[in-house]
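S.K.:
Protein chains: 2
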Amino acid sequence: MRFTSERRLGGGVLEREFTLGEIPGVLWTPEPAPEPVPLILLGHPGGLHWMRPRLEARARQSAEHGFASAAIELPGSGDRPRSETAEQARADLHRALAAGEPVAEETIDRLVLPLAEKAVPEWRAALDALLALPEIGGPVGFSGGVISIAVRLAAVEPRIAAAVLYAGSLIPRAVFEDARRVTVPLHVLLQWDDESNDRQASLDLFDAFGSEEKTLHANMGGHTGVPPFAGEEATRFFARHLK
Amino acid sequence: MRFTSERRLGGGVLEREFTLGEIPGVLWTPEPAPEPVPLILLGHPGGLHWMRPRLEARARQSAEHGFASAAIELPGSGDRPRSETAEQARADLHRALAAGEPVAEETIDRLVLPLAEKAVPEWRAALDALLALPEIGGPVGFSGGVISIAVRLAAVEPRIAAAVLYAGSLIPRAVFEDARRVTVPLHVLLQWDDESNDRQASLDLFDAFGSEEKTLHANMGGHTGVPPFAGEEATRFFARHLK
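From first to last, the protein sequence lines are chains X and P. At position 242 of the first sequence the residue is numbered 242 (the numbering used here), and the sequence of numbers has no breaks. At position 221 of the second sequence the residue is numbered 1221 (the numbering used here), and the sequence of numbers has no breaks.
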């Protein structure tokens, strides 16, 4: 892990860009922090540059609670090399959506599974590097992003202590199996009228999680319409579980 | 409205029992309260005496936010005269449940609709009396209790500004019609594994509400297992809408 830039955002947040091998990432830490702080991994749909303002806002909110935050670029997004398989699957997906046809399970598998298989070890490697920093302690939370990546990571990575998930569609069947193996406390956000989301699939996934403590917060509006109070509730969930 | 007893609970809460005609009730107000305060009507399943400890706990929590709380006994509960129709319907219900049979819609209608038809005007009369007290101002929220009473009251009583609903089963079809007419902000609690609750009916009811702002909070566990943090979230919902 190599830091490539450093900037103070004001309000006591230090922002550092880094690279982890080929993978670009950003780390936000609260200042001053006399003790090692908990860490929230910020999931996103891919495209760190495009997502940056929203990630910064989430990082600032976390820093107010004394948490560090970090994000890394997804495979095939931003400046990272595209995957031909994924591009082909994405084209098939858009063709089906444009034609108003149901999206074939096989297309979803081709689009999501290779992405999750590549992204999960990268998040784990980032976790190794981040937890080696003296200013980062733990516990670790994962928040948002591509739900299949988040679910698989929570299923296989014991250092993830709690997760905020953002219900989205295109969930491969294999991810329901991952969901049964998740046991950490979960806080799941569902936008009830999300145009790009299969509500029933989201409810089924919520039901599938093995966690004893899991909460579903459903709100009105579309994919990007999560109300501010719902974001604050998610932050309080982490405050309960990462301290 | 006639006050029949007065007691200080400590922590700045004045508790007064009252009667409204034949109907017993309890009012909790925060002290000191230099200005008229908002009011939360505390719904319950019937049986003020039996429910008293839980109602007191809810009233204390509301008082911390500067809200008054009040509850009245339901028709046919506590010392109030039983209804033969309701007792017969309740017996039919228990027979069906004991036999593991589905409960007939007609049984649900006989049990719930006359109760709601009687209870709703009583809550409205209580509201008239409570809002006439100099220490109570408004706005007014309704919280919990028999969901069919809460939904109908929210549909017909314009002084209800926001409601916390507790998803329960036995919802007559007519109440889905009431739900479409509800437009105030709603915060709906659903216990995901509630043994006495039809989860799908609760989700359908949530979908039916006409409110632009409605939030569903689903948590694990049975009917009485609402986690403490879910209660705090409901209180914050009122704090957002009744101030």
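C-beta atoms are modelled at their ideal positions from N, C-alpha and C, and glycine is treated no differently.
1. For a contact meaning CB atoms closer than 7 angstroms, what does Ala1059(P) contact in chain X?
2. Along chain P, which residues have their Cβ under 8 angstroms away from the Cβ of Leu289(X)?
3. Is the Cβ of Asn1219(P) closer than 8 angstroms to any Cβ of chain X?
4. Who are the neighbours of Leu216(X) on chain P, taking C-beta pairs under 9 angstroms?
5. Only counting the same chain, and skipping five residues up and downstream in sequence, which positions put a Cβ closer than 7 angstroms to that of Arg7(X)?
6. Check whether the Cβ of Phe229(X) lies closer than 8 angstroms to any Cβ atom in chain P.
7. What residue from Leu1133(P), Leu1165(P), Glu1195(P), Ile1171(P) has the CA that sits closest to Val1184(P)'s CA?
8. Check each candidate in Pro1172(P), Ala1174(P), Ser1143(P), Gly1168(P) and name the one with the smallest Cα separation from Ile1160(P).
9. Would Lys1214(P) be called buried (16 or more neighbouring beta carbons within 10 Å of its own) or exposed?
10. By the three-class DSSP mapping on this structure, what secondary structure does Trp192(X) have?
11. Give the DSSP bridge partners of Phe1018(P), in chain order.
12. Indicate the three-state DSSP secondary structure (helix, strand or coil) for Ser1143(P) in the structure shown.
13. What's the call for Ala1311(P), buried or exposed, on a 16-neighbour Cβ count within 10 Å?
14. Terminal residues of the continuous alpha helix (DSSP H) containing Ile1108(P)?
15. Quick check on the DSSP output: the alpha helix (DSSP H) that includes Pro228(X) runs from which residue to which?
16. Taking CB distances under 8 angstroms as the criterion, tell me whether Glu106(X) reaches chain P.
17. Within 8 angstroms of any Cβ in chain X, is that where the Cβ of Glu1212(P) sits?
18. In whole angstroms, what is the alpha-carbon distance linking Pro1024(P) and Leu42(X)?
19. Curious, which full-length beta strand (DSSP E) runs of at least 3 residues does the region 1143–1189 of chain P contain?
20. Within 10 angstroms of its Cβ, does Glu22(X) collect 16 or more other Cβ (buried), or is it exposed?
21. Whose C-alpha, out of Pro1038(P), Glu1084(P), Ala1155(P), Ala1091(P), is nearest the C-alpha of Glu1064(P)?
22. From this set, Ala1163(P), Pro1114(P), Gly1010(P), which residue's C-alpha is nearest Pro1032(P)'s C-alpha?
23. Tell me Pro30(X)'s beta-bridge partners as DSSP assigns them.
24. Since Glu1233(P) meets chain X, which of its residues come closer than 7 angstroms, beta carbon to beta carbon?
25. Rounded to a whole number of angstroms, what is the C-alpha to C-alpha distance between Leu1216(P) and Val1151(P)?
26. If we call anything under 8 angstroms between Cβ atoms a contact, is Pro248(X) one with Leu113(X)?
27. So if DSSP puts Leu1041(P) in a beta bridge, which residue, or which two residues, is it bridged to?
28. Three Cβ pairs or more, each shorter than 8 angstroms: is that satisfied between the region 1217–1231 of chain P and the region 1190–1201 of chain P?
29. Decide if Arg240(X) is buried, meaning its Cβ has at least 16 other Cβ atoms within 10 Å, or exposed.
30. If Ala1163(P) sits next to Gly1137(P), beta carbons under 8 angstroms apart, how far is it from one beta carbon to the other, in whole angstroms?
31. Nearest to Pro1102(P) by CA position, among Leu1205(P), Arg1002(P), Asn1197(P), is which residue?
32. Helix or strand or just coil, what does DSSP make of Ala1059(P)?
33. Rounded to the nearest angstrom, how far is the Cβ of Leu1027(P) from that of Leu1130(P), given a contact under 8 angstroms?
M.R.: Short version:
1. On the second sequence, position 59 is the one that residue 1059(P) refers to. Taking the beta carbon of Ala1059(P) as reference, no residue of chain X falls within 7 angstroms; the closest one sits roughly 23 angstroms away.
2. Shown here, chain X extends from 1 to 243; a query on residue 289(X) therefore has no answer.
3. Looking up residue 1219(P) in the second sequence gives position 219. For Asn1219(P), the nearest CB of chain X lies under 8 angstroms from its own CB, placing it at the interface with that chain.
4. Start at 1 with the first residue of the first sequence, and residue 216(X) comes out as number 216. Chain-order list of chain P residues neighbouring Leu216(X): Leu1190, Trp1192, Leu1216, His1217, Ala1218, Asn1219, by C-beta distance under 9 angstroms.
5. For the purposes of this step, residue 7(X) is taken as residue 7 along the first sequence, with counting starting at 1. Excluding positions up to five away in sequence, the list reads Glu15.
6. Counting from 1 along the first sequence, the entry for residue 229(X) is found at position 229. Answer yes: the Cβ-Cβ gap between Phe229(X) and chain P drops below 8 angstroms somewhere.
7. The residue you call residue 1184(P) lines up with position 184 of the second sequence. When each option's Cα is compared against that of Val1184(P), the closest is Leu1165(P).
8. For the purposes of this step, residue 1160(P) is identified with residue 160 of the second sequence, where counting begins at 1. Residue Ser1143(P) holds the alpha-carbon nearest to the alpha-carbon of Ile1160(P) among Pro1172(P), Ala1174(P), Ser1143(P), Gly1168(P).
9. Counting from one through the second sequence, the residue named residue 1214(P) turns up at place 214. Under this definition Lys1214(P) is a buried residue.
10. Taking the first residue of the first sequence as 1, we reach residue 192(X) at position 192. Trp192(X) falls in the coil class under three-state DSSP.
11. Here the question's residue 1018(P) lines up with position 18 in the second sequence. Phe1018(P) pairs with Phe1003(P), Gly1025(P).
12. On the second sequence, position 143 is the one that residue 1143(P) refers to. In the three-state scheme derived from DSSP, where H, G and I count as helix and E and B as strand, Ser1143(P) is classed as strand.
13. Outside the modelled stretch of chain P, which goes from 1001 to 1243, sits residue 1311(P), for which no answer is possible.
14. Indexing the second sequence from 1 puts residue 1108(P) at position 108. From DSSP, the alpha helix (DSSP H) with Ile1108(P) extends over 1105–1131.
15. Walking along the first sequence from the start, residue 228(X) turns up at place 228. Where Pro228(X) is concerned, the enclosing alpha helix (DSSP H) stretches over 228–241.
16. Position 106 of the first sequence, counted from the first residue, corresponds to residue 106(X). Cβ-Cβ to chain P under 8 angstroms: no for Glu106(X).
17. The residue labelled residue 1212(P) in the question sits at position 212 within the second sequence. So yes, Glu1212(P) belongs to the interface.
18. For the purposes of this step, residue 1024(P) is taken as residue 24 along the second sequence, with counting starting at 1. For the purposes of this step, residue 42(X) is taken as residue 42 along the first sequence, with counting starting at 1. Between the C-alpha atoms of Pro1024(P) and Leu42(X) there is a straight-line separation of about 53 angstroms.
19. If only uninterrupted beta strand (DSSP E) runs of at least 3 residues are considered, those enclosed by the region 1143–1189 of chain P are 1160–1166.
20. Within the first sequence, the letter at position 22 stands for residue 22(X). By the neighbour-count rule (16 or more Cβ atoms within 10 Å), Glu22(X) is not buried but exposed.
21. On the second sequence, residue 1064(P) is found 64 positions in, with the first residue counted as 1. Per the Cα distances, Pro1038(P).
22. For the purposes of this step, residue 1032(P) is taken as the residue at position 32 of the second sequence. Closest by C-alpha distance to Pro1032(P), out of Ala1163(P), Pro1114(P), Gly1010(P), is Gly1010(P).
23. As a first step, residue 30(X) is located in the first sequence; it is residue number 30 there, counting from the start. Looking at the DSSP assignment, Pro30(X) forms a beta bridge with Val13(X).
24. Sequence index remark: in the second sequence, residue 1233(P) carries index 233 (1-based). Residues of chain X whose Cβ lies closer than 7 angstroms to the Cβ of Glu1233(P) are, in chain order, Glu233.
25. One-based indexing of the second sequence puts residue 1216(P) at position 216. One-based indexing of the second sequence puts residue 1151(P) at position 151. About 15 angstroms.
26. Summary: the structure shown does not reach residue 248(X), with chain X confined to residues 1 through 243, and so no result is reported for it.
27. Residue mapping note: residue 1041(P) aligns to position 41 of the second sequence, counting from 1. Paired residues: Ala1070(P), Phe1142(P).
28. Yes, they touch.
29. Taking the first residue of the first sequence as position 1, residue 240(X) is located at position 240. With fewer than 16 Cβ atoms within 10 Å of its Cβ, Arg240(X) is classed as exposed.
30. Working through the second sequence from its first residue, we reach residue 1163(P) at position 163. Working through the second sequence from its first residue, we reach residue 1137(P) at position 137. Actually they are not in contact, since the Cβ atoms of Ala1163(P) and Gly1137(P) sit about 18 angstroms apart, beyond 8 angstroms.
31. Residue mapping note: residue 1102(P) aligns to position 102 of the second sequence, counting from 1. Comparing Cα-Cα distances from Pro1102(P) to each of Leu1205(P), Arg1002(P), Asn1197(P), the minimum goes to Asn1197(P).
32. For the purposes of this step, residue 1059(P) is identified with residue 59 of the second sequence, where counting begins at 1. Residue state, collapsed to three classes: helix.
33. Position 27 of the second sequence, counted from the first residue, corresponds to residue 1027(P). Position 130 of the second sequence, counted from the first residue, corresponds to residue 1130(P). Going by Cβ atoms, the distance from Leu1027(P) to Leu1130(P) rounds to 7 angstroms, so yes, they are a contact pair.
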